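So the structure is just underneath, and the comments pick up after that.
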Amino acid sequence: MKDKRSTIPSLSSNSVRLGVLLALVGGFLDAYTFISRDGVFANAQTGNIVLFAVRAANGEWVGALNYIPPVLAFILGVLVSEIVKIPHFRELLHSYRRSILILECMVLIFVGMLQRGVPNIVVTVCISFVSSLQISTFNKLDKWNYNSTMTTGNLRTATQAAYSAFIEHNQEAKKQFKEFFIIIVSFLFGALLGTFSTTYIGNSSIWISSGILAVALILYHKDKGYLRTRKR
116 MKDKRSTIPS LSSNSVRLGV LLALVGGFLD AYTFISRDGV FANAQTGNIV
166 LFAVRAANGE WVGALNYIPP VLAFILGVLV SEIVKIPHFR ELLHSYRRSI
216 LILECMVLIF VGMLQRGVPN IVVTVCISFV SSLQISTFNK LDKWNYNSTM
266 TTGNLRTATQ AAYSAFIEHN QEAKKQFKEF FIIIVSFLFG ALLGTFSTTY
316 IGNSSIWISS GILAVALILY HKDKGYLRTR KR
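Numbering (this note's numbering), first residue to last: 116 to 347.
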């Protein structure tokens, strides 16, 4: 008798399906913070470092210090994603990647519960942490490196692959271009969804992104238990 579970698509850490869900979240979070938190982008830290340098160069040290917490939160996210790979934790957890998805969901649910009057830095720090977890843990699309919370590198890779595919007729590059194009469009769609939902629903719209992560969590390694159990 055919196992019914086999008809339900599961996700591996480098699958395009998972990449699509994570890119949706990445685009959503960028739009969410930009609209609800006064034009802030929390996913990438380049802007924070540049703005810190600009403020510092102008002697605005109090203002410059405001850009440090998101960078520290990003670093903390990288460290957490590495800590869960320690053998002791990997023995306890069936999938450390799924643990990261759970942690992301919890942080985003917490952000959605915050009131409008909460300082922007609190939300920025939380989302920087989530972005870092996602970047550090899910960084492979098929066999290629990619980014689910920023699109600049993906756009470069897609353009290079398109050149190799359509000018040099490289079939491997054609597949790469197709997959990266899907991720870029997913990021765009996530940003559109984040824009409309944040505009019309407000701060709690971030729960939509946690819902998308929940879907990824359910599909990811669906046929394996969360905690390791002894084989009978």
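Even for Gly, the Cβ is constructed at its ideal location relative to N, Cα and C. A quick note: this is a predicted structure, and the numbers were derived from the prediction, not measured.
Leu-229 - DSSP class collapsed to helix/strand/coil: coil
Three-state secondary structure (DSSP) of Lys-258: coil
Boundaries (first-last residue) of the alpha helix (DSSP H) holding Arg-271: 267–281
Assigned exposure category for Phe-167 - 16 Cβ within 10 Å defines buried: buried
Straight-line Cα distance separating Tyr-211 from Trp-64: The structure shown does not extend to residue 64, since the chain spans only 116 to 347, so no value can be given for it.
Stretch-stretch touch, CB-based, cutoff 8 Å, three pairs: the stretch 221–240 with the stretch 277–288: no
Same chain only: Cβ atoms within 6 Å of Ser-243, ignoring 5 sequence neighbours per side: Ala-157, Pro-185, Ala-188, Phe-189
Local conformation of Tyr-182 per DSSP, three classes: coil
Spatially closest choice to Phe-295 from Phe-304, Asn-269, Thr-313, Leu-307, by CA coordinates: Asn-269
Residue nearest to Val-245 in terms of C-alpha spacing, selected from Ala-331, Thr-274, Val-330, Ile-215: Ile-215
Of the residues His-209, Arg-213, Ala-159, the one placed nearest Val-330, counting alpha carbons only: Arg-213
Neighbourhood of Ala-306 by C-beta distance below 8 Å, restricted to the same chain and skipping five residues each side: Gly-142, Phe-143, Asp-145, Ala-146
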